[in-house]
Amino acid sequence: MAEEVSCLKARLMEKEKEIVALKNKLALEKNSLIDLQEKVTTLPPLKLKAALSNEDIMRYSRQLILPEFGVQGQLNLSQTSVLVVGCGGLGCPLAQYLAAAGIGRVGLLDYDEVELSNLHRQVLHGEDSQGQAKAQSAAHAVRRLNSTVECIPYHLQLSPENALQLIQQYDIVADCSDNVPTRYLVNDACVLSGKPLVSASALRMEGQLTVYNYRGGPCYRCLYPKPPPPEMVTNCSDGGILGVVPGIMGCFQALEVLKIASGQGSSCGQQLLMFDAQDAKFRSIRLRSKQASCAVCGENPTVTHLVDYEKFCGSAATDKCRRLSLLSKDQRVTVQEYKSIVDNTAAHLLLDVRPLVEVDICHLPTSLNIPLSSLEDRKSEHIRVLKERIGRVKEQMSNESQVPVYVICKLGNDSQKAVQVLEKMSGSEVDFVTVKDICGGLMAWAQKIDPSFPQY
Amino acid sequence: MTTEVSVFYFAKSAELTGLKSETIRVASELTTVELWQDLVSRHPRLSAVRDSVVLAVRQEYLALGDVRVSLRDGDEVAVIPPLSGG
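Taken in sequence, the protein lines are chains B and U.
Count along the first sequence from 1, then add 2; that gives the number in this note's numbering.
Count along the second sequence from 1, then add 351; that gives the number in this note's numbering.
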């Protein structure tokens, strides 16, 4: 009996220890958890700071002794709120420098989650934050850097329904988004609520920056009254981007935000700053003041409330790849169908129409590579090779039927365009061919047929 | 009267023309829309970005239209479509 009691006592003590450990862990987790906002709420006003604390003075000492900035600049910063639209390649360095400099409040908005292919440029996120909301991950990094900055992560998509309520609560807006509809939405919301818009963008080896709707300068619509046709817009996953390029542009954005917030003012209100990373050159184009005829900030505006920007731009408010559908069903095969053609060793030509730089990353062993642009331009050396290869397949075929050509690319968009080009060429510029598109391209091949094939 | 100017192509326009810059000979007195048409005649694919482009001469924005511009030898013309990535 006594033995049993002592055994139970020992077990009880063990459980009590376990509870204490769990409680400690919970407290820690709670501490590091920042309330992720799934919708726009009304924020309390920023607390006014009458003077800097000793800790503030030490932390910000190197910028406090700048005559352009000084104590008043620092106090002004602490009373300014900034909304960062997009926590990607631009938003990460921007949020980092705003927090480091002691901005009062920063709203971090992003609807997306962290992926491995983001990490080369979205430098606030880490390997351990893959799958996490970007807004949350960025907020954690910002909190670690400066816990005195009030940080509000929004895990939501900016929309015509929520944009005004959100933007009205901030003093300055920074557009770090990655798509055209969002750029028009942010612009219009800033004009309608009278907020300066520090806008930057980057692609490949280039960047642009302008402060819109600021001290009589133009808004985004003054410069670009009509959105570009959707097929003229390249996104980062299609066009590529060197991570440091948005890094530089995001830092530039931080600089202009800090100048406005501290009271010095920005000189980019009537300037389009362009960065050419290849030639390491900055250029600055002088802009005019706002256009009297502008649809949103002009004298007789036609845009007096937010509209449907996806409809206006003819594209979705995302930088994810669009799926084109240019062909009929009998002009396309699935990757499974193509696999069985390969397995049956049926004579055919596999044409990969990606740019050479992507073919260097990965390709199927038998493919002939002719980029779509070369087909469109009828590059003579490429057309010669194409004719030759079609001829060789024809020799392998026992019957008189047309040579089957299967066209592949990364995701199955360019390959559809190439099918249309080849159908025009068939029987005139090259021998008669039967052309089909491989649906979903090499990424579908990697997902459904060969898991060892790389995805990018 | 013609004059020799350098044209710089940025973002999508560099992709459409296949060039980052070129030196061309154009009329020295013309409107911005005539200047644009001259560029399009050299690079027909440029016409796709006609409505969403900033045209700058001597690093100054000029609206595309009936706006007169005087070009001098060595002037810089820039064709700047917006970037939207981030």
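In this text, a Cβ means the ideal position worked out from N, Cα and C, and glycines have one as well.
Using a C-beta to C-beta distance shorter than 9 Å, which residues of chain B count as neighbours of U:Val405?
The residue given as residue 405 of chain U occupies position 54 in the second sequence. The contacting residues are Leu225, Tyr226, Leu274, Ile287, Leu289.
Would you mind stating whether B:Gly209 and B:Met251 have Cβ atoms separated by less than 8 Å?
Within the first sequence, the letter at position 207 stands for residue 209 of chain B. Within the first sequence, the letter at position 249 stands for residue 251 of chain B. Cβ distance < 8 Å, so B:Gly209 and B:Met251 count as in contact.
Just checking my contact of B:Gln418 with B:Leu329 at CB under 8 Å: how many whole Å lie between their CB atoms?
Along the first sequence, read from residue 1 onward, the residue named residue 418 of chain B stands at position 416. Along the first sequence, read from residue 1 onward, the residue named residue 329 of chain B stands at position 327. Indeed they touch by this definition, with Cβ atoms about 5 Å apart.
Min CB distance U:Glu373 to chain B below 8 Å:
The count along the second sequence starts at 1 and reaches residue 373 of chain U at position 22. Answer no: the Cβ-Cβ gap between U:Glu373 and chain B never drops below 8 Å.
Would you mind reading off the limits of the beta strand (DSSP E) that contains B:Asp177?
Locating residue 177 of chain B in the first sequence gives position 175, where the first residue counts as 1. Here the beta strand (DSSP E) through B:Asp177 covers 174-177.
For the beta strand (DSSP E) containing B:Gln351, list its first residue and its last residue.
Position 349 of the first sequence, counted from the start, is the residue given in the question as residue 351 of chain B. Sequence check: residue 351 of chain B is Leu here, not Gln. Note, B:Leu351: beta strand (DSSP E), 351-354.
Of the residues B:Lys228, B:Tyr311, B:Arg324, the one placed nearest B:Ser239, counting alpha carbons only
Position 237 of the first sequence holds residue 239 of chain B. Of B:Lys228, B:Tyr311, B:Arg324, the residue nearest in Cα terms is B:Arg324.
How would you label B:Val2, buried or exposed, when you count the other beta carbons within 10 angstroms and need 16 or more for buried?
This structure cannot speak to residue 2 of chain B, because chain B is shown only from 3 to 458.
Sufficient close CB pairs (3 or more, under 8 Å) joining the region 241-257 of chain B to the region 123-131 of chain B
yes
Enumerate in chain order the residues of its own chain whose CB-to-CB distance from U:Thr353 is below 8 Å, with the five nearest sequence positions on each side excluded.
Walking along the second sequence from the start, residue 353 of chain U turns up at place 2. Arg376, Val377, Ala378, Ser379.
Beta-carbon separation of B:Ala97 and B:Val42 under 8 Å?
Against the first sequence, residue 97 of chain B aligns to sequence position 95. Against the first sequence, residue 42 of chain B aligns to sequence position 40. No.
Under 7 Å from the C-beta of B:Val182: neighbouring residues of chain U
Start at 1 with the first residue of the first sequence, and residue 182 of chain B comes out as number 180. Correct list: Ser435.
So with Cβ pairs under 8 Å, would you call B:Leu205 a contact of chain U?
Here the question's residue 205 of chain B lines up with position 203 in the first sequence. Closer than 8 Å: yes.
Is the beta carbon of B:Ile287 closer than 8 Å to that of U:Glu385?
As a position in the second sequence, residue 385 of chain U is number 34, starting the count at 1. As a position in the first sequence, residue 287 of chain B is number 285, starting the count at 1. Not a contact, by the Cβ cut-off of 8 Å.
Measure the C-alpha to C-alpha separation of B:Leu352 and U:Gly437 and round it to an integer number of angstroms.
One-based indexing of the first sequence puts residue 352 of chain B at position 350. One-based indexing of the second sequence puts residue 437 of chain U at position 86. Distance between the alpha carbons of B:Leu352 and U:Gly437: 35 Å.
Which of helix, strand or coil DSSP assigns to B:Ile392:
One-based indexing of the first sequence puts residue 392 of chain B at position 390. In this structure, B:Ile392 counts as helix in the three-state DSSP scheme.
Counting only C-beta atoms, is U:Pro432 closer than 8 Å to chain B at any point?
Your numbering for residue 432 of chain U matches position 81 in the second sequence. By this cut-off, U:Pro432 is an interface position.
Give the residues from the region 404-424 of chain U that approach chain B closer than 7 Å (Cβ to any Cβ), ordered along the chain.
Val405, Ala407, Gln410, Glu411, Tyr412
When B:Arg394, B:Tyr226, B:Val361 are compared against U:Leu406, the one with the closest alpha-carbon:
Taking the first residue of the second sequence as position 1, residue 406 of chain U is located at position 55. Looking at the Cα atoms, B:Tyr226 is the closest of the given residues.
Length at least 4, wholly inside the region 275-326 of chain B: the alpha helix (DSSP H) runs in chain order:
311-315
For a cutoff of 8 Å on Cβ pairs, would you count B:Asp190 as touching chain U?
Locating residue 190 of chain B in the first sequence gives position 188, counting from the first residue. Chain U, which has no Cβ nearer than 8 Å to the Cβ of B:Asp190, makes this no.
Kindly indicate if chain B contains any beta-carbon less than 8 Å away from that of U:Ala389.
Here the question's residue 389 of chain U lines up with position 38 in the second sequence. Sequence check: residue 389 of chain U is Asp here, not Ala. Look at U:Asp389: its C-beta is not under 8 Å from any C-beta on chain B.
I need the boundaries of the beta strand (DSSP E) containing B:Val409, first residue and last residue.
Counting from one through the first sequence, the residue named residue 409 of chain B turns up at place 407. Residues 405-410.
Please state the DSSP three-state secondary structure of B:Lys381.
Looking up residue 381 of chain B in the first sequence gives position 379. It is coil, neither helix nor strand.
Taking CB distances under 8 Å as the criterion, tell me whether B:Val235 reaches chain U.
Walking along the first sequence from the start, residue 235 of chain B turns up at place 233. For B:Val235, the answer is yes, since a Cβ of chain U falls inside 8 Å of its Cβ.
Between the region 355-373 of chain U and the region 414-421 of chain U, do at least 3 Cβ pairs fall closer than 8 Å?
no
Going by CA-CA distance only, name the one from U:Glu355, U:Pro432, U:Lys371 that's closest to B:Asp281.
Along the first sequence, read from residue 1 onward, the residue named residue 281 of chain B stands at position 279. Of the candidates U:Glu355, U:Pro432, U:Lys371, the one whose C-alpha sits nearest the C-alpha of B:Asp281 is U:Lys371.
6 Å CB neighbourhood of U:Val356 in its chain, flanking five on each side removed:
Within the second sequence, numbered from 1, the residue matching residue 356 of chain U stands at position 5. Leu422, Asp426, Val428, listed in sequence order.
Selected residue, minimal CA-CA separation from B:Asp354, among B:Ser454, B:Asn346, B:Gly109, B:Ser375:
In the first sequence, the residue the question calls residue 354 of chain B occupies position 352. Nearest of B:Ser454, B:Asn346, B:Gly109, B:Ser375 to B:Asp354, Cα basis: B:Ser375.
Can you give me the Cβ contacts of B:Leu326 inside the same chain, cut-off strictly under 6 Å, excluding the 5 residues immediately before and after it?
Within the first sequence, residue 326 of chain B is the residue found at index 324, counting from 1. Excluding positions up to five away in sequence, the list reads Asn415, Gln418.
Would you tell me roughly how many angstroms separate the C-alpha atoms of B:Lys322 and B:Pro230, rounded to the nearest one?
Here residue 322 of chain B refers to the residue found at position 320 of the first sequence. Here residue 230 of chain B refers to the residue found at position 228 of the first sequence. Their Cα atoms are separated by approximately 17 Å.
In whole angstroms, what is the alpha-carbon distance linking B:Cys253 and B:Tyr99?
Numbered from 1 along the first sequence, position 251 holds the residue referred to as residue 253 of chain B. Numbered from 1 along the first sequence, position 97 holds the residue referred to as residue 99 of chain B. Distance between B:Cys253 and B:Tyr99, taken at the CA atoms: about 7 Å.
Quick check for students: name the residue ranges of the beta strand (DSSP E) that lie wholly in the region 135-199 of chain B, counting only runs of 3 or more.
152-156, 174-177
Rounded to whole angstroms, what is the Cα-Cα separation between B:Leu444 and B:Asn401?
The sequence position of residue 444 of chain B within the first sequence is 442, counting from 1. The sequence position of residue 401 of chain B within the first sequence is 399, counting from 1. Rounded to whole angstroms, the separation of the alpha carbons of B:Asn401 and B:Leu444 is 30 Å.
Who does B:Gly109 pair with in a DSSP beta bridge?
For the purposes of this step, residue 109 of chain B is identified with residue 107 of the first sequence, where counting begins at 1. DSSP output for B:Gly109 lists B:Leu85, B:Ile154 as bridge partner(s).
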